[in-house]
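Protein sequences appear in the order of chains L and U.
For the first sequence, the numbering used here begins at 146 and goes up steadily by one.
For the second sequence, the numbering used here begins at 146 and goes up steadily by one.
For glycine and all other residues, C-beta sits at the position ideal for the given N, C-alpha and C.
Report on the structure given below.
Number of protein chains: 2
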Amino acid sequence: MGAMTSTKDRILYASAELFRRKGYTGTGLKEVTTQAQAPFGSLYHHFPGGKEQLGEDVIRVSGAFFLQLFVFIADEAPDVVTAVQDFFRGAGETLVATDYEDACPIAVIALEVASTNETLRVATADVFTSWLDEAATRFVAAGIPAARARELALSFLSALEGAFILCRALRSTEPMAAAGAAAASEVRAALTTVA
Amino acid sequence: MGAMTSTKDRILYASAELFRRKGYTGTGLKEVTTQAQAPFGSLYHHFPGGKEQLGEDVIRVSGAFFLQLFVFIADEAPDVVTAVQDFFRGAGETLVATDYEDACPIAVIALEVASTNETLRVATADVFTSWLDEAATRFVAAGIPAARARELALSFLSALEGAFILCRALRSTEPMAAAGAAAASEVRAALTTVA
DNA sequence: ACTCCACTAGATAGATCGCTCTAGCGGGAA
DNA sequence: TTCCCGCTAGAGCGATCTATCTAGTGGAGT
Chain L
146 MGAMTSTKDR ILYASAELFR RKGYTGTGLK EVTTQAQAPF GSLYHHFPGG KEQLGEDVIR
206 VSGAFFLQLF VFIADEAPDV VTAVQDFFRG AGETLVATDY EDACPIAVIA LEVASTNETL
266 RVATADVFTS WLDEAATRFV AAGIPAARAR ELALSFLSAL EGAFILCRAL RSTEPMAAAG
326 AAAASEVRAA LTTVA
Chain U
146 MGAMTSTKDR ILYASAELFR RKGYTGTGLK EVTTQAQAPF GSLYHHFPGG KEQLGEDVIR
206 VSGAFFLQLF VFIADEAPDV VTAVQDFFRG AGETLVATDY EDACPIAVIA LEVASTNETL
266 RVATADVFTS WLDEAATRFV AAGIPAARAR ELALSFLSAL EGAFILCRAL RSTEPMAAAG
326 AAAASEVRAA LTTVA
């Protein structure tokens, strides 16, 4: 049967894509199993906690993957300013390549469940925190004081997430470019102040 | 019967609140009429286009209301930098006052429908555009070149929207404060460059 | 008084929701 | 072989979804 991913992975991957595109409440489990080419019963075998467990797993797995992507880009870049620029640029390219469907893997879920499902809300908070910590650590390594680094990480991620919303609604990467430029110059300013 | 709002307005108001809190797909029409204390049949009398028309009306009405709020704050503030600061501060206060339920009136819908419902996507794009135009106009009036003003408006709104996501997920206003400070200093820098 | 129509009121249809259930398949251990 | 069990497979349950339907109400216009 050639290269075969496990049924569980296919369900997870299909869920991640559908949740990202149509939202958590907007995605049906029947649809998930169809897209994953998996029997419906298998879903509840691998995810006995049902839709909520599936949602939580998607949030945490996608979050970890996105974190690794950030780490990879940051490691490749010569400095943090370039890293920030590369990240925004890459986000814009992904948006265009996927016809504005693939943006932040968890933003839609985060907004949907923030006031309705505490388990999933905590999962999104954990993921956001892991991203913020990673970014702040990078800024500190570049010589920026911890408190300022935390601030930079928060405004960097806010700008990125907000730009995703605007880009998808406007079907344009202009917001991503503007937000990226602003974030980069903010980091640059923080660096020159230190040096 | 005292002060009585019309049935249509009650349905619109209840929908806006529920969509904002639980999302578009996550809100049922039965729930809307219950919360609005309106008979179910009245919903389809006032909104013959069903849920989609209700969604579009909510987006456009909420969008216009939010625009007026921005205009009001900007008119009250002594300068644009203060206006930006006031807006972020006000957003943070609203989040706390509503237990992190009331943020951007259309962000959740915008993300949910961006890839699934073109009518609603266009409505959110129109609203975002109206906000961006208003902000850019204010920046131009303060002496910033048009192209730069547009960039500032984009990064300002991106920061605000993204901060809403992070604040609701983390249940903290820290992202709003960081994003607000960054946006304010960016506008300040744009002003000093001109002057 | 009579008509008319905007509006209220809610039962109900048909589809889909998340979830549970039983049955059967297939490969490794005894 | 025989047993076992992780996994596949999908029918079906009760609830809920959006939307439609008919019936009734109340007040303005003539």
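Just the C-alpha distance for residue i and residue j, rounded to the nearest angstrom, thanks.
i	j	result
D224 (chain L)	A329 (chain L)	11 Å
A323 (chain U)	L297 (chain L)	7 Å
S151 (chain U)	F211 (chain U)	21 Å
E144 (chain U)	L240 (chain L)	The requested residue 144 (chain U) does not occur in the structure, where chain U is confined to residues 146 to 340.
G147 (chain U)	S187 (chain U)	Because the pLDDT at G147 (chain U) is just 36, under 50, the model does not fix this residue reliably, and the value given afterwards should be weighed accordingly. Distance between the alpha carbons of G147 (chain U) and S187 (chain U): 21 Å.
L174 (chain U)	C249 (chain U)	21 Å
Q180 (chain U)	G237 (chain L)	40 Å
L163 (chain L)	Q182 (chain L)	14 Å
G171 (chain U)	D278 (chain L)	31 Å
Y158 (chain L)	A259 (chain U)	20 Å
H190 (chain U)	L265 (chain L)	37 Å
P184 (chain U)	T178 (chain U)	6 Å
E221 (chain U)	A228 (chain U)	8 Å
E263 (chain L)	T338 (chain U)	46 Å
S207 (chain U)	E331 (chain U)	28 Å
T282 (chain L)	A219 (chain L)	11 Å
G194 (chain L)	Q230 (chain U)	44 Å
P320 (chain U)	K153 (chain L)	35 Å
A255 (chain L)	A255 (chain U)	13 Å
Can you name the residues of chain L whose CB is closer than 7 Å to the CB of residue i?
i	result
L214 (chain U)	Residues of chain L passing the Cβ test: none, with the nearest at roughly 18 Å.
V203 (chain U)	None at all; the shortest Cβ gap to chain L is about 15 Å.
I310 (chain U)	A252, A255, L256, E306
F273 (chain U)	L311, A314, L315
Indicate whether residue i and residue j have their beta-carbon atoms separated by less than 8 Å.
i	j	result
I156 (chain U)	I204 (chain U)	no
A327 (chain U)	A304 (chain U)	yes
A292 (chain U)	F284 (chain U)	no
T261 (chain U)	K196 (chain L)	no
F273 (chain L)	L315 (chain U)	yes
I310 (chain U)	E176 (chain L)	no
F217 (chain U)	D202 (chain U)	no
Judging by CA-CA distance, which residue of the options is the nearest neighbour of residue i?
i	options	result
F232 (chain U)	U:A181, U:A308, U:G186	U:A308
R165 (chain U)	U:V216, U:V226, U:T243	U:T243
A161 (chain L)	L:G325, L:A209, L:V267	L:A209
R234 (chain L)	L:C249, L:T338, L:G325, L:A335	L:G325
C106 (chain L)	U:E176, U:A228, U:A270, U:A281	With chain L running from 146 to 340 in the structure shown, residue 106 (chain L) is simply not present.
L199 (chain U)	U:E238, U:V226, U:A268, U:E221	U:A268
S300 (chain U)	U:S317, U:V177, U:T318, U:A280	U:A280
E246 (chain L)	L:P193, L:T318, L:V226	L:T318
S289 (chain L)	L:F192, L:Y189, L:R333, L:R266	With the sequence shown as reference, residue 289 (chain L) is identified as Ile, and Ser is not the correct amino acid for it. Answer by Cα proximity: L:R333.
L336 (chain L)	L:I218, L:S207, L:Q230, L:V226	L:V226
S275 (chain U)	U:P193, U:D154, U:M321, U:L214	U:L214
Y169 (chain L)	L:P320, L:V253, L:E331	L:V253
Can you name the residues of chain U whose CB is closer than 8 Å to the CB of residue i?
i	result
Y245 (chain L)	A259, S260
E197 (chain L)	Neighbours of E197 (chain L) on chain U: none; closest Cβ ~14 Å, over 8 Å.
Whose Cβ in chain U lies nearer than 7 Å to the Cβ of residue i?
i	result
V253 (chain L)	L256, E257
R283 (chain L)	By Cβ distance, chain U contributes nothing, its closest Cβ being about 16 Å from R283 (chain L), past 7 Å.
A270 (chain L)	A314, L315
P320 (chain L)	L299, S303
R266 (chain L)	A314
What does residue i touch in chain U if you count any residue whose Cβ is under 9 Å from its own?
i	result
T170 (chain L)	K167, G168, Y169, T170, G171, T172, E257
Could you name the residues of chain L that residue i contacts, counting a contact when the two beta carbons are closer than 9 Å?
i	result
R333 (chain U)	Within chain L, no residue comes near R333 (chain U); the closest Cβ sits about 11 Å away, beyond 9 Å.
Using a Cβ cut-off of 8 Å, pull out every chain L residue sitting near residue i, in sequence order please.
i	result
E296 (chain U)	A323, A326, A327
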